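Student: Every number in the numbering used here is 110 more than the matching position in the sequence shown, counting from 1.
Ideal Cβ positions, reconstructed from N, Cα and C, are used throughout, including at glycine.
In this text, all values refer to a predicted model and were calculated from it rather than measured experimentally.
Here you go, one structure.
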Amino acid sequence: MIRVHNEKDWPPFNYFEYGRPRGLSIDYMNLVAARLGIDIEYVTGPSWSEFLDSVKRKELDVMLNIVKTEDRMKYLLYTEPYVKNPNVIVSSQNSPYETIETLFGKTVAFPKGFFYEEVLTKSFPQINRLPVEDALASLKAVVFGKADAALGEAAVIRTLISKNMLSGLQISGEVKLGNPDL
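Right, here's the structure in full:
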């Protein structure tokens, strides 16, 4: 039995809905497990930061959808990617930000513990960081004026904007941070 992380709300890849783990990454993991003849116990509920702590303590065996960073390579092994999902800047339709440099001096929201935190801290200290609970909270921070922009993954952002009827937001630029491969 291996323990695999399942996020509450990171559609279309990894989320919990109708009483069970769902999404492309969950389907992929289930196919791999069936091929290998192993059982999976999905762990749902913790925040991203808590998931990272669990995998460091070896209480969790697999993290899905995790970007490769220098710090994470100290305690994780990575598979080859199975899908590309560009990292993007989300802004209000009235104030687009097309590049990371246009965010200097601005406040940017992202899920706490996501690789954006590490990269922005190390490489872009000119950007004010606003770590929040999850991807949806980062979008709401822009909608409600707590952040100028949010960083996220294109497919997830599009799904959350549509699913939650968040008007007034747009994907205004691609951000070349980390590795967009899952």
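#1: With distances taken from CA atoms, which of L261, L187 and L276 is nearest K286?
#2: Contact between the stretch 266-274 and the stretch 115-130: three or more CB pairs below 8 Å?
#3: Which whole-angstrom value is the C-beta distance of L213 and V252, which I expect to be below 8 Å?
#4: Should the stretch 167-184 be called in touch with the stretch 222-235, which here means at least 3 C-beta pairs below 8 Å?
#5: Taking the CB atoms as reference points, tell me whether G283 and I148 lie closer together than 7 Å.
#6: May I ask you to report which of helix, strand or coil DSSP gives L292?
#7: Taking the beta strand (DSSP E) that N274 falls in, what are its first and last residues?
#8: For A265, does the three-state DSSP call read helix, strand or coil?
#9: Name the two residues that bound the continuous beta strand (DSSP E) containing V153.
#10: What does the Cβ neighbour count give for M139, buried or exposed, with the cut at 16 atoms within 10 Å?
#11: What would DSSP say about Y125, mapped onto helix, strand or coil?
#12: Can you find a heavy atom of the ligand ZN that lies under 6 Å from the Cβ of L162?
#13: When the Cα atoms are used, what is the spatial distance from V242 to P196?
Tutor: On the basis of the data shown:
#1: Along the sequence shown, one-based indexing puts residue 286 at 176. Considering only alpha carbons, the answer is L261.
#2: Counting Cβ pairs under 8 Å, three or more are found: they touch.
#3: For the purposes of this step, residue 213 is taken as the residue at position 103 of the sequence shown. For the purposes of this step, residue 252 is taken as the residue at position 142 of the sequence shown. Taking a contact as a CB-CB distance under 8 Å, the pair L213 and V252 does not count as one, their CB atoms being some 12 Å apart.
#4: Flag = yes, the stretch 167-184 and the stretch 222-235 touch.
#5: The residue you call residue 283 lines up with position 173 of the sequence shown. The residue you call residue 148 lines up with position 38 of the sequence shown. The answer is no: Cβ separation not under 7 Å.
#6: Within the sequence shown, residue 292 is the residue found at index 182, counting from 1. Only weak support exists for where L292 lies, its pLDDT of 43 falling under 50; the value from the coordinates is given anyway. Of the three classes helix, strand and coil, the one that applies to L292 here is coil, per DSSP.
#7: The residue you call residue 274 lines up with position 164 of the sequence shown. First-last for N274: undefined, no H or E at that position.
#8: On the sequence shown, position 155 is the one that residue 265 refers to. The three-state secondary structure of A265, taken from DSSP, is helix.
#9: Position 43 of the sequence shown, counted from the start, is the residue given in the question as residue 153. Where V153 is concerned, the enclosing beta strand (DSSP E) stretches over I150 to T154.
#10: Numbered from its first residue, the sequence shown carries residue 139 at position 29. It is buried - the Cβ of M139 has at least 16 other Cβ atoms within 10 Å.
#11: Along the sequence shown, one-based indexing puts residue 125 at 15. In the three-state reduction of the DSSP assignment, Y125 falls in the strand class, which pools E and B.
#12: With respect to the ligand ZN, the structure offers nothing, as it holds no ligand at all.
#13: Position 132 of the sequence shown, counted from the start, is the residue given in the question as residue 242. Position 86 of the sequence shown, counted from the start, is the residue given in the question as residue 196. Whole-angstrom Cα-Cα distance: 20 Å.
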